[in-house]
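Below: the structure, in structure tokens.
Dropping the structure here:
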């Protein structure tokens with residue numbers, strides 16, 4: 003606020019709280035200089051919710067104490083912090099390899115949000131329901147059959163042998179034992195079976211990965227047969 007805006011603010015405060023009125027010319031000048039020194043970087047109003055007159059009115063309504071410049075500054079700082087807390091930095095429009103320009107645009111956007119001249123950018127929520135896939139991406143997925151290309155999958159096989167063994171079994175038409183819950187060790191789908199470590203007192207000390215329990219493989223085989231039967235019934239009908 004400039005000196006004219008400060009004078010208008012003091013005149014408004016004087017109307018709602020006569021205690022702030024200074025009748026002596028020297029006192030009025032000192033009061034104006036003090037408020038301008040402390041509120042010079044605080045705007046009178048912004049397009050998105052800030053109003054110094056409303057802040058002064060709210061203080062007078064809720065506090066029995068005479069308003070001070072710090073009371074307006076505190077409300078302004080609370081307004082700025084609230085806007086920045088709701089802001090999620092959007093991706094700058096400049097070249098990401100230009101670090102100086104990238105940082106400059108981020109800082110300028112945050113400054114505009116904090117000072118009420120730009121609305122905070124909200125992070126987009128994850129929507130339920132499926133969106134249409136880009137045709138080029140769908141064509142690529144149809145070509146490779148998976149989001150992981152075959153060459154990359156083969157290169158990763160030595161580093162994840164269990165996953166490679168499962169994929170090889172499924173490719174041969176065999177059941178995937180890890181697709182069902184193990185009734186023996188209670189391992190959840192996708193988790194390897196585990197065996198208990200028993201202490202000298204007979205109590206369980208922990209668990210360790212182990213080979214798939216036969217009952218789990220039998221359950222996966224039965225489930226696969228059931229699904230195959232359900233798939234064939236409509237065709238026979």
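Residue numbers (the working numbering): 3 to 239. Here a beta-carbon is modelled for each residue, glycine too, at the ideal position from N, C-alpha and C.
According to DSSP, residue 51 shares a beta bridge with no other residue. Taking 8 Å as the cut-off, the Cβ atoms of residue 165 and residue 186 do not count as close. Using a 10 angstroms sphere on the CB of residue 221, the tally of other CB atoms reaches 16 or more, which defines it as buried. A direct Cα-to-Cα measurement between residue 28 and residue 37 gives close to 14 Å. When C-alpha distances from residue 79 are compared across 93, 172 and 45, the shortest belongs to 45. Here residue 19 is not near residue 60, since their CB atoms are 8 Å or more apart. In the three-state reduction of the DSSP assignment, residue 160 falls in the helix class. Bridge partners of residue 211 according to DSSP: 196. When secondary structure is reduced to three states using DSSP, residue 75 falls in the helix class.
In the structure shown, residue 191 falls within a coil segment according to DSSP collapsed to helix, strand and coil.
Your pair residue 113 and residue 48 does not check out as a contact, with CB atoms roughly 13 Å apart and the cut at 8 Å. Between the beta-carbon of residue 209 and that of residue 197 there is about 7 Å, and that keeps the pair under the 8 Å contact cut. With distances taken between CA atoms, residue 212 lies nearest to 199 out of 199, 224 and 205. Secondary structure at residue 186: coil, using DSSP grouped into helix, strand and coil.
For residue 176, the three-state secondary structure derived from DSSP is coil.
Within the same chain, 30 and 33 come within 7 Å of residue 24 by CB-CB distance, once the 5 residues on both sides are set aside. DSSP places residue 233 in the helix class (H, G or I) of the three-state scheme. Proximity of the segment 149-167 to the segment 87-99 falls short of the contact definition, fewer than three beta-carbon pairs being nearer than 8 Å. The Cβ atoms of residue 180 and residue 191 sit closer than 8 Å to each other. Residue 85 counts as buried, since at least 16 other C-beta atoms from the protein chains shown sit within 10 angstroms of its C-beta.
Within its own chain, the residues whose Cβ lies closer than 6 Å to the Cβ of residue 73, once the five positions on either side in sequence are excluded, are 61, listed in chain order. By the criterion of a C-beta distance shorter than 6 Å, residue 103 is surrounded in its chain by 96, once the five residues flanking it on both sides are discounted.
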